[in-house]
Each structure stands twice: as C-alpha cells, then as structure tokens.
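Residue numbers (the working numbering), protein chains in the order written: chain A, 311 to 609; chain B, 311 to 609; chain C, 311 to 609; chain D, 311 to 609.
C-beta atoms are modelled at their ideal positions from N, C-alpha and C, and glycine is treated no differently.
There are 4 protein chains.
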Amino acid sequence: MELHVKPEHSSNTSAYPERARMLISCPDGPGIVAAVSRFLFDHEANIVQSDQYTMDPAGGMFFMRIEFDLPGLDDRLEQLKTEFAEIAGRFSMNWQIFQVSHKKRLAIFVSKEDHCLVELLWQWQAGDLDADIALVVSNHPDMKEYVESFGIPYHHIPVTAETKTEAERRQLEVIGNDIDVIILARYMQIISPAFIEHYRHRIINIHHSFLPAFVGGKPYAQAYARGVKIIGATAHYVTEELDGGPIIEQDVQRVSHRDDVNELKRIGRTIERVVLARAVKWHIEDRILVHQNKTVVFN
Amino acid sequence: MELHVKPEHSSNTSAYPERARMLISCPDGPGIVAAVSRFLFDHEANIVQSDQYTMDPAGGMFFMRIEFDLPGLDDRLEQLKTEFAEIAGRFSMNWQIFQVSHKKRLAIFVSKEDHCLVELLWQWQAGDLDADIALVVSNHPDMKEYVESFGIPYHHIPVTAETKTEAERRQLEVIGNDIDVIILARYMQIISPAFIEHYRHRIINIHHSFLPAFVGGKPYAQAYARGVKIIGATAHYVTEELDGGPIIEQDVQRVSHRDDVNELKRIGRTIERVVLARAVKWHIEDRILVHQNKTVVFN
Amino acid sequence: MELHVKPEHSSNTSAYPERARMLISCPDGPGIVAAVSRFLFDHEANIVQSDQYTMDPAGGMFFMRIEFDLPGLDDRLEQLKTEFAEIAGRFSMNWQIFQVSHKKRLAIFVSKEDHCLVELLWQWQAGDLDADIALVVSNHPDMKEYVESFGIPYHHIPVTAETKTEAERRQLEVIGNDIDVIILARYMQIISPAFIEHYRHRIINIHHSFLPAFVGGKPYAQAYARGVKIIGATAHYVTEELDGGPIIEQDVQRVSHRDDVNELKRIGRTIERVVLARAVKWHIEDRILVHQNKTVVFN
Amino acid sequence: MELHVKPEHSSNTSAYPERARMLISCPDGPGIVAAVSRFLFDHEANIVQSDQYTMDPAGGMFFMRIEFDLPGLDDRLEQLKTEFAEIAGRFSMNWQIFQVSHKKRLAIFVSKEDHCLVELLWQWQAGDLDADIALVVSNHPDMKEYVESFGIPYHHIPVTAETKTEAERRQLEVIGNDIDVIILARYMQIISPAFIEHYRHRIINIHHSFLPAFVGGKPYAQAYARGVKIIGATAHYVTEELDGGPIIEQDVQRVSHRDDVNELKRIGRTIERVVLARAVKWHIEDRILVHQNKTVVFN
C-alpha cells in the first residue's frame, strides 16, 4: 500500500554526492582554523559553509562545523580521515566526518498521541526531512496500519512495569545496529539508563512544556494551574535525568485565561510538532554539538 | 528642574470625563448580563466596551469588565454605586467601579538596575502611561537626581537585614494612604507578608525569568547554565510565596549558545521593560481580575 | 478504505446540543446590550460567552458575538429568531444565529501543493476542526486517492483559460446548495467575480506572503529578492480584488540571508498551514464579522 | 549638566585593546578560508569568532567576518593591512579591518518623535551601545536641552523646501569628516542623493512599517485601513529609492481590530525602538555586509 508516497518526494542529498560535513570540538588555541582549512585546501576540498564558536576566548572550548565538497569523496574519505587524525591529535579534537549522501537512519518511538509522528511522516514524504525512517516502535498497536501505508515497518512492543526490561531488549533487537538516531515522538515511557547509554546524544525527546518549567507529567495541566500566559515545547537529548538533557530547540505560543487544559493541549500540539521537526532536521544535518549539558547549534 | 517634562505630555483621561469602568466577579448564573446591562441602560449609561468570561459554564465563576459613559458621572457616581449594591448582593458579586478621569497613583520601588524605572518614566512622559507617578522609593541613592528631574519625589530608604522592619515602616509612611498600586521595578528586596497584606493584588513585580522556570535569584545565570534557547520575563502580583503570585504578563525572546550571561541580561532588560510596562498599563486601565492564584486579563 | 479515521475522532459539538451563537453588527447606540441580554434572559437562555466591540463610541459601528445555552433549542430556535427580528429591526441590525450542533460543511479547493489540505485533514481527523469536510475539488488528480482514503469525495475538475467558465459551472454543481464555506488551500486559480458573489465572505484563501507585501504571484521569490528578514502568510476572505480581501489572520517567522527561495518556501509551508487552520477554525466557530474591508475577530 | 551619565557606563571595547574585525566579500573560489586563516596564524593572530556564507557554491559570492586578537595590534595594524592587500588582490576581495577599541562615531538625526533617540541614548548610557554619540542633528529645537544634558552637542538646523540644499550643506558641515554612521531616528526629511552618496551604506533609517508593505508616509494609518493583524518596523540602509534600501532588521507585533491608529502608533514605537537599536548595534559591531540590495548579517 504505497498510497502516500507521492512522486514529488525526492532525495535532496543525491544532489550533493561529493559533499561532507565535519564537526569538531576541542580546547581553544591558536592555529586551529588555519590548520583545518589548510588541510582541506591541500586535499582540494572547497569549503561551502563554515561556522565556529569559542565559548570563552581565554582557555575555553572551540566548536566548528564545516561543509565542504571534495571531488571523488566516496573513494577518498577513508584516506582523508586517516590523514586528518594527525591534526586532530595535535589539537586534542573530538571530531566526526559525515557524508551528506549517506542518509541518516531514524527510528521513531510513539505511544498514543500521533501528531508528532504524523508531522515527521508528512515532512519526510514532502522531501523536507532528508533521512530514512527505518522503523516505528510503539507500545500501542493503534498506528500500525497508518505507518505501514507509508511502507515503513511498525513494531508493536507493549511495555508494562513488569515487562520493561524485556521490552527494551526487544526494542534494541528490532532497531538493530545501523540506526543513527531515535526520535521519541511523544513516547510516554521512561527509557532506562542502559538503553540511553547505547544511544548517548542520539535520542531526541519532545517535552510538552517550556523546560525547565513543568518537568515531569501533565505539563499542560501544570501550566493551566499556574496561569502562565505563554506555553511552549522543548526538544532535547535524553539523559538519565528526567527532562534534564541538553536542550536543542524550544518554541512558545501566547495563551490566555480563556484557554482551558484541552485548549492548551490543542495549541501545544502544533508547537510540539514544529519544535521536534526542527530538532530532528538539525540533527540529521549535523548541526548540533553537545558540550557538558548544553548544545551548540549551528543553524 | 522640569527639563524632562516635554509639552506633548497630555492626559488621555481628561478626554473622557464621564467614563467609568466596572469590574465584576461572581458565581455564574442566569441573568447577570441582563441585570447589569439593564441597570446601566436605566441610568442612561452607554456601554462602550464590555468583556466577559465564564470559567466553566456549569457552576463556575463569571468575570466581567464594562466601560461606559454616563452623563454627569461626577455627581451621580455615589448614587449609582448605592443602587448597584442591590444587584451585586443578589448575585454575590465582588465589584468595583472606577472613574477613568481619576488617575491611579503609582509608587515605584527600585534598587540599582534602572531600566524598568527609566521605561516607566519615558512612557509616562510620552503620555502612554495614564497615571500619576506619585513617588519613587529606593534602597539606594543613585537615581535621586534623575527622578527628581521629572519633578517626582525620591525617597532613599536603606534596607539591611537589621533595619528591614523599620525600613518598611518608613516606606509605608512615605507612601501614605492614597497610593493605588506599587510597582517593583527591579526592587531587589523581599517584601514582608505584613506589607503585602496592605496592598493585596496591588503590588506588581517584574521577575527576570519566564516563571515558573528559574524562581529566585540570578535567573539569567540559571538560564545560561541550563542552556535554554528562549529567555523571558514575568510580571506578577506579589504574594507571600516568592515569585509565586498571579501572573499578569510574560514575554520571551530567542537566544543562542553565543549569548553569555551578560548578553542574556542585556537582552532580558528589553523584555523586562516591555512586560512590566504592559502589566502596569493593564492594571491602571482596570483590565485585570484576580481569582485564586490566576489573572483574567481583558485586553 | 477507512484507514485514517481513527477512533478518537469525536464530535465536539455534540457535547453542546443546546448551544447557539449570535453575531450582530449595527450602528452603535444606547441600549443594545441591555435589549439583547434582556431578550435572551426572558427566553431562559444562559449567556456563556459574550464579546463586543464598538469601532468608535461616537456614532460608529457596534459588533457583538454571544454564545448562549437555551433548553430545547432545537424546537425553539425558529420562534426565537422570529421574536428577535423585532429587536433587530429597532437597532438596524445585521444578525445571524447559528446552532453549534449543526456542523458547518466545508468544500476544500486544492491544486498541486498539498500541505494546507493535509493539515486541515489532520486537524479534522484529530477532532480539532469541528466541521464536516463535504468534498475536495481540485484542478489536478494527484490527491484523489489520498483524500478518498478519508472517505471524502474528490472531484477532479481541470481548469484552462478556455474552460474556466465551464469549470466553475461544474464546481458550483458539485458543491451544491448546502456548503457553508469554501477553503482555498493553495488553490492556484483565480476565482471569477460571479463565483465570489455566490459565496460572499465565505471563501477563505491562504496567501503565501505577509500581505500587503508581495501581492500576486511567486511571493517567496519576491521576498528573497527584497531581502526581508521575516516572512509570513495571510488568510483572508476572497473578494474581486486579487489578494485584497478582508484579512482574517497572519503569522510570520524570522529568516536570514542563509535561506534561499526553496528554504523560504519550506519555512513558509508551516506558517501557511497554521494560519489557514486558525482562520478556518475561527470561521466555523462564528468568531468573524466583516465590516467594509476589515474583520472583527472575537477570539 | 552631566546629570544623566551614570557611573556604571563603561567602555566595553577597552576590555579588548588587541581585538580586530575583518569583513570580506569576494567571488567564491577554493582556498579563501585557508589563505586568510593561514595569514592570520602566521601573524600570531588568534581567531575568536568567524562566520562565513557562500551565496551559491557554484560561482556565487563569498562573505566572511573574522574577529581576532593580535598582540601589539595598535603598532602592527598598518603593516598587517599592507601585507593582507596581496591576498585580497589574489581573490578580488572587498575588505575592511576595524580595530574594536576604536569606537565608531555616530551622528543621530531626529525630528519631533523622540522615542528612538531616547532609546539609543538610554542604551548608550547603560553601556549597551558601544560607540560614541558625537552629535545630534534636528530640524526642530525640541530635544536640545534633553540631548545636551547628556553632554552631547545638539544642532538645530531647520529644513524647508526652499532651504533644503543649504540645510544639507550645513548638516554635512557640523558632521565633519570623522563620523562613521548616521542614524535617522525618526528623521522625517528625505535625504538627497548627493548626501546619500557621501555616506553610502552608512545611513541607517527606521521605517515604521513592515517593509515592503506600506512604503512612504503614514504607514500606521495605511496598516489600520488595510486591517492587518500584525504590524512591524524595518531598519534599513538609506538609498536613493525611498524605503527601498537594503533591509538590516525587522520585527513585528500582533494587533487586533481593537487597536485604532493611535494604538498602532503606540505599539509601533516600542517595535521601532527595538529594531533600530539592534540594527545600530550590529552596524557598530561590524556584523553587516551589503551585496547588491541585500544584507548579510552575521549575528
């Protein structure tokens, strides 16, 4: 049932077969930019975008993202990495190089609320989400037919207090070894530390409040009770601390005393959809570096 | 030294000598609007604006704000109130009637940070803040000359842990008996419950965070540490619970990893100025009703 | 193929079988509110929400929206209307009364760009759009299967310069006589004055710019060429003047020099979806009054 | 009369005596970043921030802003420039190097509306505007005492249709030869092409609408007549085309049918203040490059 995959869906990435992105973080010091740009120039790479940020000029951290085109990238990438390791070592860099044409593979986790999943599927189908949605995992069967109508496998894995460990084992099994990032699209189960460790800074959650306000459950009910005039949503990487991981993106909307909890939820759904989709887009475009409990987003 | 009082400063209110505003809250029930509007019609009042809100149609609270013109208001207001008391009693109303031409009298409290005070003075001078600024109270002497250059009395009352009770006694003394509302324009001292009791729902504070996030001290440092992507400010009525009173208005602005604590403070100053000025404007235009710990704002 | 209609889709309106909404506009004058509220009280109606606005107290226009509950509404509505006509005549009112349980029937027009249609279908399916989507009309066949999978009839009526008159005749035919409002969800054909006349202030268009900037074709290319820092979208009622009808709602988002035309389009799609959905929601909740070329929106 | 210059006003720039900023624009090509960063490294400069943008990778324009620290900058800058000219020539660069400790000198033009001037003075006094306000020029005498109370010279130069040429001659005379940028802070006279030519891309105007909507006079009246739901303001460089120059910054605020022209003006004043102040800040921090009729803003 391929019904929903409309013809205009095309791969953006295929347009750039020779493009790569490099993410670097290291202690700041003189000569980093010169060394990296010289290295790329010597390898005939053309820098098409570059962003950098120094947390504190005197002895802080340095962050960099470079997008470059390199003729014959596919054949030369491994050699390039090997040679770059020398520079990386000299400056004590954490670094990664991604090939733009290698699409990231996503696993989406969802419970009963479907709006975030529907948004991601729609953006993916419209060609705005340049990744492969490899599978959907849910503790409920509700969205099975819908997801499968896009040609995407749907794994219904129930979770109870008793079966949690076993359920996570099954989740890891169906995810396999080649998933780049997991999206919790209103997945209402808490992930165990062991699971998080597998996907450190690669699990994105959408929390339905303007964190750190209203941590935990029922944030719209909390927001209504407190009488706030603006509500929001927060996309963040999942860490062991509930709703405490590095914030990727937030957005808000004005509300008034006329909006009851149901109306807050309705308004919030649109904020959640937009915020999560932005965070996912930035992640798959390699725009996010994490340092301690914060993000640097080059967007 | 009248230097700053520019000629264009004019009283908006004088344009409406016969206008009044009525605020009502009561348990909801049939016939309230009919009774009130009939009453006003019978007294030859013309309703120029009316807002109402019912918290929950089935047995909830009813809130209403009516602006009306009444020929000969000055002479007839007392009689009007006396007669309205009968209707008010029938529906168990909390109610107030304000004469628009009777400007509210403000006391502004300030510490060292002057941006919120400067904004209020500028809006007042531009004719956008339709009230009388009766006096400024500060625990520092810094702004004395500046405030007095507007022809406004400035009371420097130092506050220390030891002198707090005495300081509050002197504050109440200089304020006197005819101040309608106290504005804490970045006044960094905690107000005692006894003082708050004197001015229940008539003390407006600006908190430099998006409450309930970052309650308490140094909210911009807290926001920086948490890595939020949006910062905000909150104007609220002061209650015994620190930063926990009814929220009047909030606003926010987007920030990024590039903004350090000083830059957050700088950005925040503009948000604080705008949010506090809006809250004060709504208060002096009788647009705010407080119910339990929340506000109904008819704006 | 009922696949997409998930069980949680429920009728909001059925919860309020006895609720009605009244919209009034008339020259301002004393006694209007008193007369209307007295009338409703005498008929045992309970006002649950009421908004009014006077364009200019001295001799301007008066606008009012009242939501009320009336026991036995279904049986008594015709009688109520007959009796209200007397008051309406006295104050020269334009007025309408709508039964909330009578859902509005929508026809959606679409061309090739599907994001606004998809949003409306999603909101409708989620129970957030309290109306019946009676049919979809398109000058392209592309969305046929998708729309029909929701159980909604899809009429493919091609339009060319030569066949335009005949195409509009067919459109009116398939629409029939009981459609309340037509939504142009990125329908890229100009509607003829004769067609507009049939549905005066009942055709809502989404224009993909912040009107009146960038009237006409290719607004994102225009916005890119001008180098604006914010883009937007506008929902308006269609009139004979292209992109010149009464504005219902607008929203915007910040962009930068990094965003090329395709990126502006991508960002714009989300703004368009949100703005159009809000305008449709307000229309079906009877929140909009049109006066001359402007709207009064009680939201 | 030094009354308003409060002690906390301090020079940010003095904290960075060895910091410089370089702005570059040139046709894109390989090796630019490598050459520039190598050049700076060889001269012992430490890059503290760097932004670049390529309009179109294949044959477009390349823009770059670099902030760097260079020990002994004061003595070495001229030599640095001389040597950089060789690289600049190789890549056909337009380029400039600014010493951060050399504060930019501003001339502010104002007419009767004072809010933008007051905002700039307040931000300058608070230490948030890191520049010298060298003088204020006005076609009205109203603000003389106020401006002079800050220790800033005020030149009242009346302008009429007949005296316009002579008035501009006098304006250029009082400005002298060392003004970096002219701020039109609601200056309501049209500047002649000859004057503009003297200060190409160095005159910043605040237009009180969301350009290109409502070009020309009385934009708030135009906005009211059109019934827009959002109003805005635009800061742009002045060119020969009225309100047509490169846009630097825009911002907006939501309004409703309740806001008449005076209320739109009142709301607009705050938007204008904020937008103009941001544009001025970015200009004096050398964050803006102009290409054709658009800006690249590295903020």
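Identified DSSP bridge partners for Q560 (chain B)
B:T544
P327 (chain A) touches chain D at which residues, Cβ-Cβ below 9 Å?
Going along chain D, no residue has its Cβ under 9 Å from P327 (chain A), so there is no contact; the nearest lies around 14 Å.
Report the three-state DSSP secondary structure of D380 (chain C) (helix, strand or coil).
This sequence places Leu at residue 380 (chain C); Asp is not what is there. L380 (chain C): coil per DSSP, three-state reduction.
I'd like to know if G341 (chain B) contacts chain C, where contact means its C-beta is closer than 7 Å to some C-beta of that chain.
At least one chain C Cβ lies under 7 Å of G341 (chain B).
Select from B:Y363, B:G370 and B:I357 the residue whose C-alpha is nearest the C-alpha of D366 (chain C).
B:I357
What is the DSSP secondary structure of N603 (chain D), reduced to helix, strand or coil?
coil
Look at the alpha carbon of I462 (chain D) and the alpha carbon of R579 (chain D), and state the distance between them as a whole number of angstroms.
23 Å
Give the residues from the stretch 566-581 of chain D that approach chain B closer than 9 Å (Cβ to any Cβ), ordered along the chain.
R568, R576, R579 and T580
CB contact below 7 Å: I516 (chain C) versus chain D
no
Using the beta-carbon of each residue, which ones in chain B are nearer than 7 Å to S347 (chain C)?
Chain B residues near S347 (chain C): V343, A344 and S347.
Output the distance between the C-alpha atoms of R480 (chain A) and R496 (chain A), rounded to the nearest integer angstrom.
Their Cα atoms are separated by approximately 20 Å.
Check the Cβ of Q560 (chain B) against every Cβ in chain A and list those closer than 8 Å, keeping chain order.
V538, K539 and I540
Any beta strand (DSSP E) of 3 or more consecutive residues that is wholly inside the stretch 427-454 of chain D:
Uninterrupted beta strand (DSSP E) stretches at least 3 residues long and entirely within the stretch 427-454 of chain D occur at 441-448, given in chain order.
Output needed for I541 (chain B): all residues of its chain with C-beta closer than 8 Å, excluding positions within five of it in sequence on either side, in chain order.
Excluding its 5 nearest sequence neighbours in each direction, I541 (chain B) has C-beta neighbours in its own chain below 8 Å: S519, F520, Y530, A533, V562, Q563, V565, L574, I577, G578 and I581, listed in chain order.
Which of helix, strand or coil DSSP assigns to H314 (chain D):
The predicted model places H314 (chain D) with a pLDDT of 39, which falls under 50 and marks its position as unreliable; any figure quoted below should be read in that light. Here H314 (chain D) sits in coil by DSSP.
Nearest to F378 (chain D) by alpha carbon, out of D:V343, D:P556, D:A395 and D:M332?
D:M332
N- and C-terminal bounds of the alpha helix (DSSP H) containing R331 (chain A):
Unbroken run through R331 (chain A) is the beta strand (DSSP E), R329 to P337; no alpha helix (DSSP H).
In this structure, does DSSP put T364 (chain A) in helix, strand or coil?
strand
Do C426 (chain A) and I516 (chain A) come within 7 Å of each other at the CB atom, strictly closer than that value?
yes
Mind checking whether E429 (chain A) and R536 (chain A) have CB atoms under 7 Å apart?
no
With a cut-off of 7 Å, does the C-beta of S360 (chain B) fall near any C-beta of chain C?
yes
Along the chain, where does the alpha helix (DSSP H) containing H508 (chain D) start, and where does it finish?
P503 to H508
Residues of chain C with a CB under 7 Å from the CB of I357 (chain B): which are they?
V343
Name, going along the chain, the residues of the stretch 430-457 of chain A whose beta-carbon falls closer than 8 Å to a beta-carbon of chain C.
W432, A436, D438, D452, E455 and Y456
Nearest-angstrom Cβ-Cβ length linking H619 (chain C) and V606 (chain D), presumed shorter than 8 Å:
Nothing in the structure corresponds to residue 619 (chain C), since chain C is present only between 311 and 609.
Considering only residues of the same chain and omitting the five flanking positions on each side of L439 (chain B), which have a CB-CB separation below 6 Å?
Q433
Cα-Cα, which of A:F524, A:H546, A:M374 and A:M498 is closest to V491 (chain A)?
A:H546
Three-state secondary structure (DSSP) of I493 (chain A)
In the displayed model, I493 (chain A) falls within a strand according to three-state DSSP.
Shorter than 7 Å from the beta carbon of V607 (chain C) to some beta carbon of chain A?
no
Can you pull the chain B residues whose beta carbon is under 8 Å from the beta carbon of L521 (chain C), in chain order?
Result: empty, since nearest Cβ-Cβ is about 25 Å, beyond 8 Å.
Do the CB positions of S402 (chain D) and S347 (chain A) come within less than 7 Å of each other?
For S402 (chain D) and S347 (chain A), no; Cβs fall outside 7 Å.
Look up M498 (chain B) in the DSSP assignment and give the residues it is bridged to.
The partner list for M498 (chain B) (beta bridge, DSSP) is empty, contrary to what the question assumes.
Simplified DSSP assignment, three categories, for Y464 (chain D)
strand
State the CB to CB distance for the pair S450 (chain D) and L482 (chain D), rounded to an integer number of angstroms; the pair is presumed to be in contact (CB under 8 Å).
Reading off the sequence shown, one finds His at residue 450 (chain D), where the question assumed Ser. In fact, because the Cβ distance is near 19 Å, the residues do not count as touching under 8 Å.
If we require 4 or more residues per run, which alpha helix (DSSP H) segments fall completely within the stretch 380-420 of chain D?
383-400
Looking at G554 (chain A): is its Cβ nearer than 7 Å to the Cβ of V548 (chain A)?
No.
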